[in-house]
Amino acid sequence: MLLKSLHIKNFRQFIDETILFGDGLDKNVTIIMGDNGSGKTTIAQAFSWCLYCSTDFKDSILINRKVANEMSIGSEEDVSAELVLQHADVDYTVTTTQTYRKEFTGKIKSFNPTQAIRYKRADGQQEFIKDSLKVQGLIRKILPKDLSRYFFFDGERINLMSKEIQNGHSTTFMTAVRGLLGLGAFEAAIGHLKPTSSGVIGKYTAKFSSGTNTTITTASDKSTECTDKIAANNKKIEILKAEKEQADQRIVDLSVEIKSHEEGEKLQIRKEKLAGKRAAAQASLLKAREKLFKDFGASANNYFSQPLIRDALGMIAAEDLEGKDIPSMHAKTIDYLLKHGECICGEKLVAGDAHYQHLVGLLQYLPPQSIGVSAGNFTSEGKTRLSHTTNLYSSSVETASLIESIDDSITSYEGDITEIEKQLTGYTGVGHLQQELSLCQKTSRDNDYKISQLTADNGKLEWQKGQYEAQLQSLALADEKNKAIATYKAYAQYIYDTLSQEYAIEEKKTRDELQDSINQIFKTIYAGGLSLKIDDHYNIQVFVDQFSEFNTDIETSTAQSISVIFAFISGIIKMARERQNAGEDQLIQTEAYPLVMDAPLSAFDKRRIKTVCEILPSVAEQVIIFIKDTDGDIANEYMKAKVGAQYNFEKISEFETRLK
Amino acid sequence: MKEVNGIEIDENKALRLTRKIILMEGSNLREKEKNDAEMVKAIMATIEEEVKCY
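Structure follows, in C-alpha cells:
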C-alpha cells in the first residue's frame, strides 16, 4: 500500500488542505514540519478517521471551530477527509464525510460519518462503493485496523509500544507481528484443521456413519470428547503458564523494588519510633501542665496569704489580751439585760446612756466573740496554715522547667520527623508490596500445581483417545462410506501435522531473520555495544555485547528505547517488503506498507538523527514523518535526496493552521 | 507414500492440498470473506475434491 494524497476539509484546525505524498522509488519521503500544537497529530489522526471513522481525540466534534462559529442557525457544513492510495497496483480514493448542523440553540449537532470508495477495475471500469459494510470490507482488504497501528503511530503510542515490546505484551501483538511477517495463513490453517469438534479433523471424526453399528458413534463421540477436553486443558495450561510467567516476572520486579525500599523502610521505622516518643512526651507535657495548675490552685491562697498571716500573728502577739475576757459570763447575759432595760444592780438602762454603752462595750470581752477567743482562734488557724504551706514557688519553677524540657524534646522529635518525611516523599511503604509479593508467589505455586494436574489429565485423555481412534479406524475401514471419510480425515491429519511442524520451523526461521534484521538496523542507529534478542513471545530484550554471558535484559534510556522501536518496526517493514518481492509462488506472502511516524526524531542526538534519516527510506516503501521545525531542518539535510514532498505548518490562529 | 491411521497418503497430493489451503487462508486473511466455520467447510471441500479427483 502506498499513500498518494490526503485532502482534508474543515477537519479540526485545517479548513481546506491537500498533501501530496512522495511515493516514488527514489523520492519516497514526505516531511511535514510544525511546532507543537500546530496540527501534526491532527494530520496523523486524519488517516485513521478517513479509513476507520475513529480518532484518539477526546473531543468528538471534529469541525473547525472558526467554521462552526460562522455557521448560521439551521445551516449545515461537512467535515471530510479524502485519501488516495495505491494497493495491489489499483488506485483507491477513500472518502469519509461527516455533516454538522447548527441547532436553534446554537449548539453544533453531528451526524454519523459516511464513507465511500472509488477505484478503477482491471477492465478500466470505474467502481463507486457507498454501502458502509462493503466499504469497510474493502478497507479491511487494504489495511486491517488492527495492523494499522504499526504503520500509523504517534509519539504517545511510541512510548506505549516501547513498554509493550520490551516488557511483554498480549498474544494479539504476537499474532499481529506473525501476520505481518506472513505467518498468519499458517496459523489460520492450523487453527481450522485442528482435531477439536469445530475443526476439520474433528468434523470428519463426527461424520463417521454408524449404521447398525453403534460402536462407531460411541468411539467417534468419545474420541471427539477427549480431543475437546485436551484442547480445553491446553488452553487452560496456556493461560496458567501466561499467568505464572507474569507472576514470576512480578516476583522478580517486586523483590528488586522491596530491596530498593530498604533504606526507606529503616527511615519509616525510625519515624514511627520518633512519633511514639513524641506522643509520650506530649502526654508528659499534659500531665506536667495539669500538675502546675493543680498545685497553683491548691497552694496559691496559702502561699500568697503567708506574709499577711505572719504579720497578723506578730500583731496579736504584740497585743496583751490575756485576762481581759470576763470569766463565767456570756454575751447573751448582756443581751438579756439590755433587752429588759435593767442592770443586775437594779440600775435602769436606757439605750444610748452611759450604763447602756458600758454594757455594750463589755460584749467584746465575752464569748462567743470575745477578742481573746478570736485572737486565739486566728493564731491557731494561722499557725496551722503556716505549718502546712508548701513551697509553691520552688515546685512551680521545677514543673515549669520540666515543661520547657519536654517542649524542647517535642520540638526536636518533630524536627527529626519532618526531616525523615522529606526523605520519604513519595514513599508508600513496602507493606502493600510484600502483600503483592506473597500473592504472586502463591499464584506461581498454585499454577505450577494446576499445570501438572492438567498435563497428567491430558496424558490419560491422549491414551483414551488413542484407544477410541484405533477402534474407530478398524470399524470405519470395513465400510466404504466410512473408508472415504477416514481417507479425508487421514489427509487432513497429515496436512495438520506437516503444517504444524513446518510452522514451528518457519516461525523460528522468521524470528531469527527478524532478530538479525532488527539488530542490523539497531546497531546502525544506536552503535553502542548493545544487542537485541527476540524471545518466542516476540518480546525484545536488550543485552550488552560485552557481558552477553550474563544473559540478562538491561534497562534502556529513552534514546535506546526509541532506537529499539525504530529497529523493530523498520525490521518488520523491511522483512515484509522483502517477502512481498519474493514472488507470488511463495507460501509466505505479505504486503508493503508505508511508515507514518509522528515526531520520531526528537529523542535522538544529531548523529543518530542522521542514521535514522538514512535508514528509514531504505527499509520502508514509503516514509511520512511529522517533525518539529528544528528536527525538520536536520532531517531535510540528511534525507534531501529521498524527499519527494515537504510541507510546513503555518499557524494562523488557535483555530486555523495552513500548509505551505 | 506415507501412512496415517492405516491409510496411505499420496505426498504430492498432500503437498498440493497444503499449498491450496495456505493460499486460501492467505486470501481470506486479506479479504475476510469467510468466517471460521465457512473456512472449515471450504477446506473440507478442497480436501474431498483433491482426494477424489486423483
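If you're matching them up, the sequences are chains R and Z in order. Following the numbering used here, the numbering of the first sequence begins with 27 at its first residue and continues without gaps. Following the numbering used here, the numbering of the second sequence begins with 0 at its first residue and continues without gaps. Just so it is clear, CB atoms sit at the ideal spot from N, CA and C, and this is done for glycine as well.
CA-CA distance, R:Lys135 to R:Tyr126, rounds to 5 Å. Under the DSSP definition of a beta bridge, R:Ile653 partners with R:Met59. R:Leu219 and Z:Ile42 do touch by the CB rule: their CB atoms are close to 7 Å apart, below 8 Å. With fewer than 16 other beta carbons inside 10 angstroms of its own, R:Phe330 counts as exposed.
Of all C-beta pairs linking the segment 334-348 of chain R to the segment 400-412 of chain R, three or more are shorter than 8 Å, placing the two stretches in contact. Rounded to whole angstroms, the separation of the alpha carbons of R:Glu539 and R:Pro620 is 21 Å. Counting along the chain, the unbroken alpha helix (DSSP H) around R:Val226 starts and ends at 226-233. Proximity to R:Leu347 across R:Gly378, R:Arg634, R:Ile397, R:Cys466 peaks at R:Ile397, based on C-alpha coordinates. Taking a Cβ-Cβ threshold of 8 Å, none of the residues of chain R is close to Z:Met0; the smallest such distance is about 11 Å. Contact annotation: Z:Ile46 and R:Ala211 have beta-carbon atoms that are not nearer than 8 Å. In the structure shown, R:His356 adopts coil according to DSSP, grouped into three states.
By the neighbour-count criterion, in which 16 or more other beta carbons inside 10 Å mark a residue as buried, R:Asp624 falls on the buried side. The secondary-structure analysis by DSSP pairs R:Lys146 across a beta bridge with R:Gln152. Within the segment 520-534 of chain R, contact with chain Z at the beta-carbon level (separation under 9 Å) is assigned to Tyr520, Ile521, Asp523, Thr524, Leu525, Glu528.
DSSP, reduced to helix, strand and coil, places R:Lys135 within a strand of the structure shown. In the three-state reduction of the DSSP assignment, R:Pro643 falls in the helix class. Distance check between R:Tyr673 and each of R:Glu264, R:Ile69, R:Glu445, R:Phe83 places R:Ile69 closest, using alpha-carbon atoms only.
Runs of the beta strand (DSSP E) spanning 3 or more residues and lying entirely within the segment 484-516 of chain R do not occur at all. Beta-bridge analysis with DSSP links R:Asp117 to R:Gln112. Look at R:Lys229: its C-beta is under 8 Å from a C-beta on chain Z. When DSSP assignments are scanned along the segment 50-100 of chain R, the uninterrupted stretches of beta strand (DSSP E) that are 3 or more residues long and fall wholly within it turn out to be 55-59. When 7 Å is used as the limit between beta carbons, R:His218 is near these residues of chain Z: Asp35, Met38, Val39, Ile42, in chain order. Pairing R:Lys668 with R:Lys53 gives a Cβ-Cβ distance under 8 Å. Within the same chain, and ignoring the five residues on either side of R:Ile531 in sequence, no residue has its Cβ closer than 6 Å to its Cβ. Straight through space, the alpha carbons of R:Lys468 and R:Lys476 are spaced by roughly 12 Å. C-alpha of R:Ile547 to C-alpha of R:Gln541: approximately 10 Å in a straight line. Inclusion of R:Ser435 and R:Ala305 in the CB contact set at 8 Å is not warranted, their separation being larger than that value.
With fewer than 16 other Cβ atoms inside 10 Å of its own Cβ, R:Asp631 counts as exposed.
The beta carbons of R:Lys600 and R:Val638 sit no closer together than 8 Å.
Per DSSP, the unbroken beta strand (DSSP E) holding R:Pro620 starts and ends at 620-624. When secondary structure is reduced to three states using DSSP, R:Ile370 falls in the coil class, being assigned neither helix nor strand.
In the three-state DSSP reduction, R:Ser31 falls in the strand class (E or B).
The beta carbon of R:Gln648 sits closer than 6 Å to the beta carbons of Leu28, Asp49, Asn54, Pro620 from its chain, once the five residues preceding and following it are set aside; these are given in chain order. Interface with chain Z (8 Å Cβ-Cβ cutoff): R:Thr250 is excluded. For the segment 278-294 of chain R, the beta-carbon criterion of a distance under 9 Å to any beta-carbon of chain Z is satisfied by none of its residues. Listed in chain order, the non-local C-beta contacts of R:Trp489 below 7 Å within the same chain number zero, local neighbours out to five positions each way being set aside.
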